[in-house]
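Visitor:
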Amino acid sequence: MTERDPYTERLERLSGARWKNVLSVQAPYRWNLRRLEPGRVLDVGCGIGRNLRHLDGNAVGIDTSQASVDVANSRGCVAYTVDDFGDSEDAVPGGFESLLFAHVLEHMPLSDASDLMREYLPYIAPGGQIIVIVPQEAGYASDDTHINFLESSDVTSLMEDCGLVEIRDYSFPFPRRLGKFFRYNETVVVGRVPAS
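Mapping of the sequence shown onto our numbering: residues 150 to 345, in sequence order.
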């Protein structure tokens with residue numbers, strides 16, 4: 150039996166709120182991710198599989214928490230712990246078209262974020278995308294496990310240091326100034342692995 154994990158339990162509690170399901174609050178975020186046309190995605194820090202489900206089975210998740218991986222797999226997703234991924238049939242260099250870090254990098258120092266990105270870049274095909282989604286001020290303040298507030302310029306610099314090109318960023322779903330008040334406003338930064 151998997152040990153209880155308070156963060157996994159928090160994710161389940163937050164995603165299970167009745168009002169969120171009635172209003173389908175994930176619909177705009179699902180649309181935003183899909184419009185990036187990510188192809189087959191490696192979702193690092195997949196949690197309980199929210200984005201894996203948004204991608205309709207065209208994604209594989211990795212998480213440090215066995216409890217979160219168990220929840221994601223019980224929901225019909227494919228997810229591995231960090232330790233199990235390397236030995237899996239999905240750990241194929243260049244086997245994915247996009248690498249996703251959604252609400253992950255703010256949980257670590259920037260040097261660790263760089264190491265994490267570099268660790269998984271070999272699994273992305275040449276010309277593939279790296280998608281980073283981080284909370285803005287109100288969202289950042291809502292979780293005491295956040296330790297590093299990241300502006301788009303921080304993520305852009307990280308991507309440049311990792312050799313990515315064609316980097317662009319935007320605020321979603323509302324303009325950047327609303328990030329100080331609206332908890333669910335996000336900064337999205339997309340870079341590309343050089344094609345050759």
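Note that CB positions come from ideal geometry on N, CA and C, so glycine has one too. Here the structure is a predicted model, which is why all the values come from computation and not from measurement.
Does the ligand MN have a heavy atom nearer than 8 Å to the CB of residue 183?
Guide: Absence of the ligand MN from the depicted structure is noted, as is the absence of any ligand whatsoever, leaving it without description.
Visitor: Bridge partners for residue 321 per DSSP, in chain order?
Guide: 335
Visitor: Would residue 339 and residue 273 qualify as a contact pair, given that the criterion is a beta-carbon distance under 9 Å?
Guide: no
Visitor: Grab me the residues of residue 150's own chain with a C-beta within less than 8 Å of its C-beta, minus the 5 sequence neighbours each way, in chain order.
Guide: Below a pLDDT of 50, predicted positions are generally treated as unreliable, and residue 150, at 47, falls in that range; no measurement from the model is reported.
Visitor: With DSSP run on the structure shown, which of helix, strand or coil describes residue 199?
Guide: helix
Visitor: According to DSSP, simplified to helix, strand and coil, what is residue 326?
Guide: helix
Visitor: Label residue 336 either buried or exposed according to how many other C-beta atoms from any shown protein chain fall within 10 Å of its C-beta, with 16 as the threshold for buried.
Guide: The residue in question, residue 336, is buried, as its Cβ has 16 or more Cβ neighbours within 10 Å.
Visitor: How would you label residue 330, buried or exposed, when you count the other beta carbons within 10 angstroms and need 16 or more for buried?
Guide: exposed
Visitor: Rounded to whole angstroms, what's the CA-CA distance from residue 198 to residue 206? Just pull it up for me.
Guide: Cα-Cα distance, rounded: 11 Å.
Visitor: At which residues does the alpha helix (DSSP H) containing residue 176 begin and terminate?
Guide: 176-184
Visitor: Assess contact between the region 217-229 and the region 312-328, defined as three or more Cβ pairs (one per stretch) separated by less than 8 Å. Is contact present?
Guide: no
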